[in-house]
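Residue numbers (this note's numbering): 2 to 305.
The block underneath contains the structure these notes are about, expressed in structure tokens.
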Ligand code: G1P
């Protein structure tokens, strides 16, 4: 039985889809309501029992690195002013001593290359990889669900969701051998296959539990889909040593790497917040009512 203690967060991406906002703010620091995107992934990792957090970062990500540091001056000011609520709001951004390591990827050669940077920090134990762009909302964290299932299944495990066939070319896709409840035992994975050749519609979402044997495969990996060093290819190359399965988590996934996904996640979280939800839904209704009227008459709502 493996205890998963470490997580790797690949956070070196430039976030070009969010320009100009990401010109001077790392994508992971864009606020989803009042917390930066990265906080959601870190919270999910903590809820799954993760103790060590490894960020594979890049130049220009200083704000992300500072976020998990102590803000001594800010904390002193808040304390002096007796602003206990504001002080409490800082709690999730604190890391216990020694729990955080920040690496630099150096070159943007792909997800496989990013994970490879953490080899010397992982050693000989199974570990998690989380892509913070994939925000998963649900009563129980997706990684905690996976770790639970992984205790029985072992091997490499990826989070999956069922997608429409036309969407397979945006994801890694499992070649499913057999299904056992939420677990999909697989023969392998294909990175971003065209819908007509996709082996299934079980798409990989950015949560992985990997065995340390992955590093030997990552070491001699050549370019794959999109010319990048793909984690998917390393998992496939390791299949003679270790099996691979998908875990179809319970929860809703938002692609916060896209503007549409980010806006939808913002709406979903706002609607569920006790302090915001009621007024926000009322506001949405005032916008939606005229749209419904227009739809009835065949006209479109004048967005934009
Ligand atoms: C990465 C993975 C892909 C996975 C996706 C999930 O792709 O390579 O297998 O389905 O994340 O978000 P990316 O979206 O970074 O191109």
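No residue lacks a Cβ here, since even glycine has one placed at the ideal position from N, Cα and C.
Cross-strand partners of residue i (DSSP beta bridge)
{"i": "residue 248", "result": "160, 184"}
{"i": "residue 82", "result": "For residue 82, which the question treats as bridged, DSSP gives no partner whatsoever."}
{"i": "residue 281", "result": "In the DSSP output, where bridge partners are listed per residue, residue 281 has none listed."}
{"i": "residue 203", "result": "163"}
{"i": "residue 9", "result": "55, 130"}
{"i": "residue 32", "result": "37"}
{"i": "residue 209", "result": "130, 159"}
Proximity winner among the options, relative to residue i (alpha-carbon distances)
{"i": "residue 141", "options": "246, 8, 267, 252", "result": "252"}
{"i": "residue 38", "options": "283, 279, 267, 276", "result": "267"}
{"i": "residue 132", "options": "78, 190, 11", "result": "11"}
{"i": "residue 8", "options": "43, 30, 25, 28", "result": "43"}
{"i": "residue 108", "options": "102, 116, 215", "result": "116"}
{"i": "residue 273", "options": "289, 34, 6", "result": "34"}
{"i": "residue 129", "options": "159, 118, 121, 106", "result": "159"}
{"i": "residue 23", "options": "47, 260, 103, 202", "result": "260"}
{"i": "residue 194", "options": "293, 240, 210, 168", "result": "168"}
Residue j beta carbon less than 8 Å from that of residue i
{"i": "residue 256", "j": "residue 135", "result": "yes"}
{"i": "residue 13", "j": "residue 59", "result": "yes"}
{"i": "residue 125", "j": "residue 213", "result": "yes"}
{"i": "residue 247", "j": "residue 187", "result": "yes"}
{"i": "residue 204", "j": "residue 191", "result": "no"}
{"i": "residue 156", "j": "residue 83", "result": "no"}
{"i": "residue 110", "j": "residue 229", "result": "yes"}
{"i": "residue 94", "j": "residue 40", "result": "yes"}
{"i": "residue 62", "j": "residue 32", "result": "no"}
{"i": "residue 201", "j": "residue 234", "result": "no"}
Residue-level contact to chain C via CB, residue i, 8 Å cutoff
{"i": "residue 195", "result": "In the structure shown, chain C does not exist; there is a single protein chain."}
Delimiting residues of the beta strand (DSSP E) encompassing residue i
{"i": "residue 105", "result": "101-105"}
{"i": "residue 145", "result": "Unbroken run through residue 145 is the alpha helix (DSSP H), 143-154; no beta strand (DSSP E)."}
{"i": "residue 254", "result": "253-256"}
{"i": "residue 135", "result": "135-138"}
Residue range of the unbroken alpha helix (DSSP H) whose run includes residue i
{"i": "residue 216", "result": "215-220"}
{"i": "residue 263", "result": "260-273"}
{"i": "residue 123", "result": "120-123"}
{"i": "residue 116", "result": "112-117"}
{"i": "residue 314", "result": "Any property of residue 314 remains undetermined from this structure, which presents the chain solely from 2 to 305."}
{"i": "residue 236", "result": "232-238"}
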